Amino acid sequence: MAASHVHTNTRVRLTQPTTQQSRPRSRSVRNRALPDGGAPSGLPAIFSSIFSKPATSSESPSSMGQKQASRSSTFADTAPSWESIQSSAQRILDKHSLKATWDYETGAPSPWATKRTFGDGANRVTFYRDSASWCPYSQKCWLLLEEKRVSYDVKKINMRCYGDKPASFLRLNPSGTLPAAVIEGRELTDSSDIVRALEATFPETPMMPPENTRARVLADQLLRLERGVFSAWMRHVTSGWNDDENRMGVELALQAVEDALASTPGPYFLGARVEGATEDEASPNDDGFSYVDIAFAPFLERLAASELYFKGMAVRAPPGDGRPWPYLNAWYDAMESRPTYYSTRSDFYTSAYDLPPQLGGCAESKEGTSARQAIDGGEWTRDVAAGNSESVEYVNSPPELRNAPPEAHAAMAVARVALNAKAVARFAARGALPRGSSPKPVSAPLSDPSAEEIVQEQAAAAADAAIRRALLRLLPSDEREEDEGTGSEKKHDAAVGIASMQYLQRRVGVPRDMPLEAARWLRAALGEEMEELSSK
Numbered sequence: 420m421a422a423s424h425v426h427t428n429t430r431v432r433l434t435q436p437t438t439q440q441s442r443p444r445s446r447s448v449r450n451r452a453l454p455d456g457g458a459p460s461g462l463p464a465i466f467s468s469i470f471s472k473p474a475t476s477s478e479s480p481s482s483m484g485q486k487q488a489s490r491s492s493t494f495a496d497t498a499p500s501w502e503s504i505q506s507s508a509q510r511i512l513d514k515h516s517l518k519a520t521w522d523y524e525t526g527a528p529s530p531w532a533t534k535r536t537f538g539d540g541a542n543r544v545t546f547y548r549d550s551a552s553w554c555p556y557s558q559k560c561w562l563l564l565e566e567k568r569v570s571y572d573v574k575k576i577n578m579r580c581y582g583d584k585p586a587s588f589l590r591l592n593p594s595g596t597l598p599a600a601v602i603e604g605r606e607l608t609d610s611s612d613i614v615r616a617l618e619a620t621f622p623e624t625p626m627m628p629p630e631n632t633r634a635r636v637l638a639d640q641l642l643r644l645e646r647g648v649f650s651a652w653m654r655h656v657t658s659g660w661n662d663d664e665n666r667m668g669v670e671l672a673l674q675a676v677e678d679a680l681a682s683t684p685g686p687y688f689l690g691a692r693v694e695g696a697t698e699d700e701a702s703p704n705d706d707g708f709s710y711v712d713i714a715f716a717p718f719l720e721r722l723a724a725s726e727l728y729f730k731g732m733a734v735r736a737p738p739g740d741g742r743p744w745p746y747l748n749a750w751y752d753a754m755e756s757r758p759t760y761y762s763t764r765s766d767f768y769t770s771a772y773d774l775p776p777q778l779g780g781c782a783e784s785k786e787g788t789s790a791r792q793a794i795d796g797g798e799w800t801r802d803v804a805a806g807n808s809e810s811v812e813y814v815n816s817p818p819e820l821r822n823a824p825p826e827a828h829a830a831m832a833v834a835r836v837a838l839n840a841k842a843v844a845r846f847a848a849r850g851a852l853p854r855g856s857s858p859k860p861v862s863a864p865l866s867d868p869s870a871e872e873i874v875q876e877q878a879a880a881a882a883d884a885a886i887r888r889a890l891l892r893l894l895p896s897d898e899r900e901e902d903e904g905t906g907s908e909k910k911h912d913a914a915v916g917i918a919s920m921q922y923l924q925r926r927v928g929v930p931r932d933m934p935l936e937a938a939r940w941l942r943a944a945l946g947e948e949m950e951e952l953s954s955k
């Protein structure tokens with residue numbers, strides 16, 4: 420990086436003038452109460468952990484704003500078997516060189532890995548992260564491990580808001596906080612300590628410039644800026660008071676980020692190496708990518724989702740003349756195109772519902788109403804999934820996903836569900852259970868991991884049949900394998916099928932369960948099948 424691109428005097432003022440406190444323009448939302456009329460009551464381990472979307476006051480698992488199926492309505496189990504559905508999906512994926520599963524240990528990065536090996540001998544790191552891929556501090560360490568290509572074992576631990584922690588983890592870390600790591604026998608329970616230890620223990624792929632260099636001074640200043648952005652965002656998204664003033668604080672913080680990115684070559688914070696740059700000035704990597712980008716990523720990701728959802732403030736946007744903060748959005752583009760980051764990235768829907776239980780609540784403003792409607796299901800359509808209608812969530816996914824046709828993403832959704840089909844169906848059938856069966860509720864409103872397994876086989880069978888019918892919508896007719904179905908055209912309760920599909924639809928986690936592109940197709944197909952059954 421040339422000397423002209425090093426700004427050691429970078430400063431940002433995030434304090435704002437004191438004004439008389441105004442009445443709140445936002446409504447505080449912790450975890451919205453479920454409406455009467457039925458709700459799920461338990462969460463098994465099928466998706467390893469669960470995030471939840473509470474129903475609004477106008478909906479329940481059997482009345483999704485659609486015409487409710489009467490209890491006497493039934494539907495027939497006419498869809499092909501799981502084996503046939505999975506085989507058809509796999510053929511489509513093979514045609515487009517995509518995989519629903521791969522060697523998670525040595526292959527491409529994946530949220531489903533429990534062990535990662537990069538050919539450097541025995542794993543020297545055990546990494547404890549949250550099961551649902553919600554925690555931003557876990558994501559930061561996870562991304563650093565992947566970018567440094569440090570071999571590690573993964574232990575997935577519940578966050579307090581959705582379950583208990585195993586005694587073995589509490590012996591390691593009595594506070595129960597995440598992330599945690601054991602690095603060459605050294606136990607660490609703070610993300611900053613983990614980051615420093617990884618840099619010191621595995622210097623072969625550095626992510627920070629050397630100490631006592633101009634590049635390091637810039638990196639340290641940028642990391643202080645990241646904390647300033649975090650503070651401004653927290654003041655705005657969690658408060659219903661002084662909304663205009665707090666919004667201005669976020670805008671000032673993002674403008675400081677914009678200015679920092681504009682001051683260096685390339686999309687990343689430290690700037691790409693340029694000819695003639697000295698080691699004193701250089702980024703640790705030729706493209707400029709560094710730990711600074713990793714530190715910003717989890718929080719700018721959640722900021723973009725929550726500012727839009729709760730406050731109606733659009734940060735992330737597609738290319739075009741009206742694109743706000745063009746350098747910041749170019750940074751988002753570059754980050755999302757990296758498979759290491761994209762495999763850890765949540766979608767706006769997931770972030771909108773995992774943040775309130777972590778933060779103790781977020782505050783909605785009326786400016787976010789239309790975005791909330793879109794993110795909460797208004798965009799769960801075939802047109803949005805196929806890219807024929809614009810989404811409020813623009814992403815620049817890695818090339819292998821970005822260049823794949825819609826049928827490949829639809830097939831990915833089918834394949835990911837089919838991998839654990841029977842357990843998914845039983846999990847979805849929780850949607851038909853009455854509320855209140857949990858002996859130990861958790862703060863995420865639909866999460867109930869301590870509830871007993873009380874799903875009736877009849878309900879599980881209805882969920883199984885309904886989900887297969889929905890997935891069949893994602894397979895082109897000429898790609899479907901000839902199949903005699905399940906051998907039964909048994910009639911199932913339509914209301915149970917609808918409730919089960921909605922329960923599943925609202926709990927598809929990104930990245931935990933599947934990529935965003937596939938999740939869009941699954942949500943759309945489930946919605947179409949719910950509409951079909953509700954008309955019976």
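Residue numbers for the sequence shown follow the working numbering, beginning at 420 and rising by one.
Glycine is no exception: its CB is placed at the ideal position from the N, C-alpha and C atoms.
For clarity, every value in this text was computed on a predicted model and none was experimentally measured.
Among the options, which one has its Cα closest to the Cα of residue i?
i	options	result
ALA495	ASP522, ARG892, ARG888	ARG888
GLY806	VAL601, PHE546, HIS828	HIS828
ARG646	SER702, PHE718, TYR581, LEU890	PHE718
GLY582	TRP531, SER570, THR596	THR596
THR759	GLY741, VAL734, ALA716	ALA716
PHE767	SER611, VAL734, ARG742	VAL734
ARG510	ASP897, TRP940, HIS655, ALA943	ASP897
ASP678	LEU641, SER611, ALA848	LEU641
PHE688	TYR746, ALA938, PHE729, GLY797	TYR746
VAL530	PRO930, ALA918, THR493, ARG925	In the sequence under discussion, the amino acid at residue 530 is Pro, which differs from the Val named in the question. That would be PRO930, whose Cα lies nearest to the Cα of PRO530.
Taking only three categories from DSSP, how would you classify residue i?
i	result
LYS909	coil
PHE846	helix
GLU606	strand
GLU783	strand
ASP572	strand
PHE718	helix
TYR547	strand
LYS534	strand
ALA495	strand
VAL734	coil
Check whether the Cβ atoms of residue i and residue j sit closer than 9 angstroms, and answer yes or no.
i	j	result
LEU774	ALA724	yes
GLU720	PRO499	no
PRO686	ALA753	yes
GLU755	PRO818	no
LEU562	THR769	no
ASP932	ARG801	no
VAL814	ILE794	no
ARG635	MET626	no
GLU948	ALA885	yes
GLU950	ILE713	no
ALA879	ALA844	yes
VAL648	ALA672	yes
SER610	PRO598	yes
ALA638	TYR547	no
GLY928	ALA551	yes
ARG899	SER594	no
Using the C-alpha atoms, what's the distance from residue j back to residue i?
i	j	result
TYR772	GLU698	44 angstroms
SER570	ALA914	48 angstroms
LYS534	TYR523	7 angstroms
PRO622	LEU894	48 angstroms
CYS560	ILE602	12 angstroms
ARG821	ALA804	12 angstroms
GLN877	SER784	43 angstroms
ILE504	PRO824	19 angstroms
THR525	VAL573	14 angstroms
GLU502	ARG666	52 angstroms
LEU890	SER516	21 angstroms
Shorter than 9 angstroms from the beta carbon of residue i to some beta carbon of chain B?
i	result
SER570	Note that chain B does not occur in the displayed structure, where there is just one protein chain.
Within 10 angstroms of the Cβ of residue i, are there 16 or more other Cβ atoms? Answer buried if so, exposed if not.
i	result
ARG592	The displayed chain sequence assigns Asn, not Arg, to residue 592. It is buried - the Cβ of ASN592 has at least 16 other Cβ atoms within 10 Å.
LEU674	Looking at the sequence provided, one finds Gln at residue 674 rather than Leu. Exposed is the call here.
TRP750	buried
ARG605	exposed
PRO585	exposed
LEU589	exposed
ASN412	What is shown of the chain runs 420 to 955, which leaves residue 412 out entirely.
GLU936	buried
SER954	exposed
THR520	exposed
GLY741	exposed
ALA681	exposed
GLN924	buried
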